[in-house]
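Quick note: to get the numbering used here, add 1 to the position in the sequence shown (first position is 1).
The beta-carbon is built from N, C-alpha and C at its ideal position, and this holds for glycine as well.
Notes follow the structure.
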Amino acid sequence: MKNYLSIPILGLLVCGCSVTGSLQRRHAGAALAHTPKVMRHEARREQAPPQYIEIRHADGRPTEFFVPAVTLENGEQVMMMELDEVVVTARTRSLPERMGKVDIDFVVTLPKMLQGSCRNIVVTPVLHNRGERTPLEDISIRGALFDRVQQRDYWQYGRYIDLYRPDSLRAQEAFGRFVRFPYPQDVRCDSVRASRSDISYYYTQTVPTADAGKRLSVTLEGRVEGLDGSLYLLPPSDTLSYTISSMLDFVDTTTRYLTRIIERRVRLDDRVLLAFPVGSAAIVDTLSGNAAQLMKTGVVLERLFGQREFTVDSISVTAFASPEGGAAMNRELSRRRAQTLSNYLKERFPDDAGLDTLVAVRSAGEDWTRLGEMVHSDSLIRNRERILELIDTEPNSDRRERLIRERYGEDYARMRKEMYPKLRAVELRYYLQRVGMTQDTVHTTEIDTLYLRGRRLLEERNYRAAVGILLPYADRNTAIALLSLGKDERALDVLYGLPESDRSLYLRTIALARLGRKDEALEVFARACALDPNLEYRAGLDPELNKLIKSR
Numbered sequence: 002m003k004n005y006l007s008i009p010i011l012g013l014l015v016c017g018c019s020v021t022g023s024l025q026r027r028h029a030g031a032a033l034a035h036t037p038k039v040m041r042h043e044a045r046r047e048q049a050p051p052q053y054i055e056i057r058h059a060d061g062r063p064t065e066f067f068v069p070a071v072t073l074e075n076g077e078q079v080m081m082m083e084l085d086e087v088v089v090t091a092r093t094r095s096l097p098e099r100m101g102k103v104d105i106d107f108v109v110t111l112p113k114m115l116q117g118s119c120r121n122i123v124v125t126p127v128l129h130n131r132g133e134r135t136p137l138e139d140i141s142i143r144g145a146l147f148d149r150v151q152q153r154d155y156w157q158y159g160r161y162i163d164l165y166r167p168d169s170l171r172a173q174e175a176f177g178r179f180v181r182f183p184y185p186q187d188v189r190c191d192s193v194r195a196s197r198s199d200i201s202y203y204y205t206q207t208v209p210t211a212d213a214g215k216r217l218s219v220t221l222e223g224r225v226e227g228l229d230g231s232l233y234l235l236p237p238s239d240t241l242s243y244t245i246s247s248m249l250d251f252v253d254t255t256t257r258y259l260t261r262i263i264e265r266r267v268r269l270d271d272r273v274l275l276a277f278p279v280g281s282a283a284i285v286d287t288l289s290g291n292a293a294q295l296m297k298t299g300v301v302l303e304r305l306f307g308q309r310e311f312t313v314d315s316i317s318v319t320a321f322a323s324p325e326g327g328a329a330m331n332r333e334l335s336r337r338r339a340q341t342l343s344n345y346l347k348e349r350f351p352d353d354a355g356l357d358t359l360v361a362v363r364s365a366g367e368d369w370t371r372l373g374e375m376v377h378s379d380s381l382i383r384n385r386e387r388i389l390e391l392i393d394t395e396p397n398s399d400r401r402e403r404l405i406r407e408r409y410g411e412d413y414a415r416m417r418k419e420m421y422p423k424l425r426a427v428e429l430r431y432y433l434q435r436v437g438m439t440q441d442t443v444h445t446t447e448i449d450t451l452y453l454r455g456r457r458l459l460e461e462r463n464y465r466a467a468v469g470i471l472l473p474y475a476d477r478n479t480a481i482a483l484l485s486l487g488k489d490e491r492a493l494d495v496l497y498g499l500p501e502s503d504r505s506l507y508l509r510t511i512a513l514a515r516l517g518r519k520d521e522a523l524e525v526f527a528r529a530c531a532l533d534p535n536l537e538y539r540a541g542l543d544p545e546l547n548k549l550i551k552s553r
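Set out below in structure tokens:
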């Protein structure tokens with residue numbers, strides 16, 4: 002027969018409700034298991050007797066708690082409370098991925114023998130994904146006596162704050178003195194229980210799959226706190242594993258190739274914006290951005306002469322002029338500007354570059370084509386349409402420029418200030434030839450690296466980025482990316498454009514089921530299963546089809 006110790010509530014706080022001794026001896030821990038279906042409906046275990054007896058006195062004496070005690074070899078009596086293991090029951094082993102997420106769920110069961118009035122139980126599910134551990138929100142179950150002690154501590158702390166109005170530092174120190182067991186923060190479940198049966202908590206958590214592998218796992222950690230300050234850390238539980246079931250199982254991993262046409266002769270165009278003084282062909286390094294433009298041209302030439310894939314056949318230097326002044330004068334002026342740049346480049350590069358024979362100079366005169374493009378795109382030109390009409394219809398360039406100046410003076414002033422300097426440019430064309438190539442064109446087949454990148458993004462579950470690349474291809478992988486983002490209508494359009502196969506029909510079934518087109522979905526699903534009977538079993542992993550099949 003067990004002895005009982007009579008302990009007033011204040012004495013209980015001093016002597017404590019020790020839980021550590023019995024827990025250490027029993028090495029109590031948490032356990033995780035996938036519970037077989039046949040065990041899910043088993044009757045609960047028999048009710049256990051309460052772990053303490055509470056007596057309230059009507060005459061105002063302190064409440065007493067009678068706790069079961071055992072006598073040690075040295076004659077000392079200690080309170081004894083048994084602790085069962087925590088059991089987690091998984092509801093499913095396969096997690097269907099939708100919209101880039103999965104929902105993991107399980108049932109955490111706190112057995113009746115684990116509970117006690119003077120205990121606080123904290124259980125923490127931990128998610129493991131590719132070596133990373135993510136603690137989920139805690140489950141906290143406090144006993145009634147533990148809760149009352151917490152309330153008393155907070156009440157004392159509040160009284161201190163009201164009486165002494167301390168600063169933040171002293172308030173923090175006082176909190177540490179008065180409140181030995183702070184209330185839990187950021188918990189999934191925080192409850193005060195006095196239950197004579199098991200407590201079960203259904204736990205669900207949405208997990209993004211962008212960086213997830215094919216498997217996730219959950220373990221359980223926990224601790225038990227006693228009013229005497231004792232702490233017992235539950236040993237790590239077994240691992241509960243989940244497999245992510247996604248439409249990535251249907252990814253087409255076939256390598257895509259594209260045909261590239263290689264030309265023996267290649268032309269490279271470069272436009273150099275040099276600022277020339279009005280009416281002059283002199284290159285002034287310090288004028289505007291000339292130094293940067295000349296440096297850029299030099300870098301291009303160095304790279305062309307330094308590489309080995311091509312030889313430089315010839316270089317064409319064509320200069321342009323702005324329309325102010327006579328057309329004949331501007332034509333000659335642009336020729337001199339092209340010759341000036343040609344001479345500049347020949348002086349910069351050594352004789353072995355062969356620029357003396359490679360460079361050809363030509364003059365393009367006034368660049369009315371580019372001027373028209375700039376006028377068309379400038380919303381600040383008020384008479385834009387009339388000026389463009391003049392540019393298109395007036396054949397004489399000198400008369401054209403004069404009419405714009407006379408009729409639309411304000412617009413002309415803007416054109417001359419903002420646009421004319423950009424017309425005084427030099428265009429360089431480099432004519433190259435591939436070394437060792439005799440045919441004018443060669444067709445080669447190579448891996449489509451852009452598509453390969455899109456497929457890898459899809460496999461990494463970066464669906465949004467994958468769609469941006471795969472959309473023009475309109476293939477099965479495109480449809481998978483769209484379905485994974487919930488864009489079911491667009492995915493269905495893509496799938497209808499593909500040849501019928503077991504996989505394309507199965508994906509089409511998912512899209513139709515999501516869109517509520519049940520009869521069509523069942524008909525397409527039957528055709529998919531006729532091609533591959535195993536898809537009948539696969540449908541159980543996809544919630545849309547699982548629901549569809551059960552509704553037949």
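### Query
According to DSSP, what are the bridge partners of Asp104?
Position 103 of the sequence shown, counting from 1, holds the residue named residue 104. Bridge partners of Asp104: Thr207.
#### Entry: Bridge partner(s) assigned by DSSP for Ser246
Position 245 of the sequence shown, counted from the start, is the residue given in the question as residue 246. Note: Ser246 sits in a beta bridge opposite Pro97.
### Query
Just the Cα atoms here: how many angstroms apart are Leu234 and Phe107?
Position 233 of the sequence shown holds residue 234. Position 106 of the sequence shown holds residue 107. In a straight line, the C-alpha of Leu234 is about 22 Å away from that of Phe107.
### Task
Measure the alpha-carbon distance for Met375 versus Phe321 and round it to whole angstroms.
For the purposes of this step, residue 375 is taken as the residue at position 374 of the sequence shown. For the purposes of this step, residue 321 is taken as the residue at position 320 of the sequence shown. Using only the alpha carbons, I get a separation of about 15 Å.
### Message
Taking only three categories from DSSP, how would you classify Ser485?
### Response
Taking the sequence shown and counting its residues from 1, one reaches residue 485 at position 484. Helix, per DSSP.
### Query
Looking at the unbroken beta strand (DSSP E) that takes in Val123, where does it start and where does it end?
The sequence position of residue 123 within the sequence shown is 122, counting from 1. 120-130 is the extent of the beta strand (DSSP E) around Val123.
### Query
With a Cβ-Cβ cutoff of 8 Å, do Ile470 and Leu484 count as a contact?
Position 469 of the sequence shown, counting from 1, holds the residue named residue 470. Position 483 of the sequence shown, counting from 1, holds the residue named residue 484. Not in contact: Ile470 and Leu484 (Cβ atoms no closer than 8 Å).
#### Entry: Inter-stretch contact (C-beta, 8 Å, three-pair minimum) for the segment 375-389 and the segment 354-365
no
### Query
Where Ile162 and Ser198 are concerned, what is the direct C-alpha to C-alpha distance, given to the nearest angstrom?
Here residue 162 refers to the residue found at position 161 when the sequence shown is read from its first residue. Here residue 198 refers to the residue found at position 197 when the sequence shown is read from its first residue. Rounded to whole angstroms, Ile162 to Ser198 spans 40 Å at the Cα level.
### Query
In chain order, what residues of the same chain lie with their CB nearer than 6 Å to the CB of Tyr204, ignoring the 5 residues before and after it?
Position 203 of the sequence shown holds residue 204. Cβ within range, chain order: Phe107, Val109.
### Message
Check whether the segment 393-406 and the segment 264-284 touch, using three or more Cβ-Cβ pairs below 8 Å as the test.
### Response
no
#### Entry: Three-state class that DSSP yields for Leu183 in the structure shown
The count along the sequence shown starts at 1 and reaches residue 183 at position 182. Checking the sequence, you will find Pro at residue 183 rather than Leu. Three-state DSSP puts Pro183 in coil, outside helix and strand.
### Task
Over the uninterrupted alpha helix (DSSP H) stretch that includes Leu404, give me the two end residues.
Mapped onto the sequence shown, residue 404 falls at position 403. 398-408 is the span of the alpha helix (DSSP H), which, as asked, contains Leu404.
### N-terminal and C-terminal residue of the beta strand (DSSP E) that Glu367 is part of
Position 366 of the sequence shown holds residue 367. Residues 360-367.
### Message
Output needed for Arg371: all residues of its chain with C-beta closer than 7 Å, excluding positions within five of it in sequence on either side, in chain order.
### Response
Sequence index remark: in the sequence shown, residue 371 carries index 370 (1-based). Excluding sequence neighbours, Arg371 sits near Leu424.
#### Entry: Contacts around Arg408, its chain only, beta-carbon distance under 6 Å, and the 5 residues preceding and following it disregarded
Here residue 408 refers to the residue found at position 407 of the sequence shown. Contacts found: none.
### Task
Go through its chain and collect everything with a Cβ distance to Arg266's Cβ below 6 Å, but skip five positions before and after it.
Here residue 266 is taken as the residue at index 265 of the sequence shown, counted from 1. Contacts found: Gln434.
### Message
So, at 6 Å on beta carbons, what are the nonlocal neighbours of Glu325 in its own chain, with the 5 sequence-adjacent residues on each side left out?
### Response
Sequence index remark: in the sequence shown, residue 325 carries index 324 (1-based). None.
### Query
Do the segment 446-464 and the segment 251-264 make contact, defined as three or more Cβ pairs closer than 8 Å?
yes
### Reduced DSSP secondary structure (H/G/I, E/B, other) of Pro544
For the purposes of this step, residue 544 is taken as the residue at position 543 of the sequence shown. Note: Pro544 maps to helix in three-state DSSP.
### Residues sharing a beta bridge with Cys190, DSSP
The residue labelled residue 190 in the question sits at position 189 within the sequence shown. Ile140.
### Query
According to the Cβ coordinates, are Gly214 and Arg131 closer than 8 Å?
Here residue 214 refers to the residue found at position 213 of the sequence shown. Here residue 131 refers to the residue found at position 130 of the sequence shown. In this structure, Arg131 lies closer than 8 Å to Gly214 by Cβ.
### Query
Name the DSSP beta bridge partners of Asp271, please?
Sequence index remark: in the sequence shown, residue 271 carries index 270 (1-based). BP columns for Asp271 point to Leu429.
### Query
To the nearest angstrom, how far is it from the Cα of Leu391 to the Cα of Ile382?
Here residue 391 is taken as the residue at index 390 of the sequence shown, counted from 1. Here residue 382 is taken as the residue at index 381 of the sequence shown, counted from 1. Distance between the alpha carbons of Leu391 and Ile382 is about 14 Å.
### 7 Å Cβ shell around Ser289 - same chain, five flanking residues per side excluded
Within the sequence shown, numbered from 1, the residue matching residue 289 stands at position 288. The answer, listed in chain order, is Ala276.
### Query
For the candidate residues Tyr464, Glu138, Val443, Thr341, whose alpha-carbon lies nearest to that of Asp187?
As a working note, residue 187 is residue 186 in the sequence shown. Nearest C-alpha to Asp187: Glu138.
#### Entry: Where Ile382 falls: helix, strand or coil (DSSP)
Translated into the one-based positions of the sequence shown, residue 382 becomes position 381. Ile382: coil per DSSP, three-state reduction.
### Task
State the DSSP-derived secondary structure class of Leu164, mapped to helix, strand or coil.
Position 163 of the sequence shown, counted from the start, is the residue given in the question as residue 164. Leu164 falls in the helix class under three-state DSSP.
### Message
Count Cβ pairs between the segment 242-255 and the segment 476-490 that sit closer than 8 Å; are there 3 or more?
### Response
yes
### Query
Are the beta-carbon atoms of Ala529 and Thr510 separated by less than 8 Å?
As a first step, residue 529 must be located in the sequence shown, where it is residue number 528. As a first step, residue 510 must be located in the sequence shown, where it is residue number 509. Against a cut-off of 8 Å, the Cβ pair of Thr510 and Ala529 comes out as a contact.
### Task
Compute the beta-carbon to beta-carbon distance between Thr244 and Leu96, rounded to the nearest angstrom, for a pair I have assumed lies under 8 Å.
Taking the first residue of the sequence shown as 1, we reach residue 244 at position 243. Taking the first residue of the sequence shown as 1, we reach residue 96 at position 95. With 8 Å as the limit, Thr244 and Leu96 qualify as a contact, their Cβ atoms being about 7 Å apart.
### Query
Would the beta-carbon of Asp229 fall within 8 Å of that of Val193?
Position 228 of the sequence shown, counted from the first residue, corresponds to residue 229. Position 192 of the sequence shown, counted from the first residue, corresponds to residue 193. The answer is no: Cβ separation not under 8 Å.
### Query
Do Phe306 and Val313 come within 8 Å of each other at the CB atom, strictly closer than that value?
Locating residue 313 in the sequence shown gives position 312, counting from the first residue. Locating residue 306 in the sequence shown gives position 305, counting from the first residue. In this structure, Phe306 lies closer than 8 Å to Val313 by Cβ.
### Message
Please report the straight-line C-alpha distance between Tyr474 and Glu133, rounded to a whole angstrom.
### Response
On the sequence shown, residue 474 is found 473 positions in, with the first residue counted as 1. On the sequence shown, residue 133 is found 132 positions in, with the first residue counted as 1. Answer to the nearest angstrom: the Cα atoms are 35 Å apart.
### Query
With a Cβ-Cβ cutoff of 8 Å, do Tyr464 and Leu429 count as a contact?
Residue numbering aside, residue 464 sits at position 463 when the sequence shown is read from its first letter. Residue numbering aside, residue 429 sits at position 428 when the sequence shown is read from its first letter. No.
### Task
Within its chain, find whatever has a CB closer than 6 Å to the CB of Asn535; leave out the 5 residues flanking it on each side and keep chain order.
The residue you call residue 535 lines up with position 534 of the sequence shown. Excluding positions up to five away in sequence, the list is empty.
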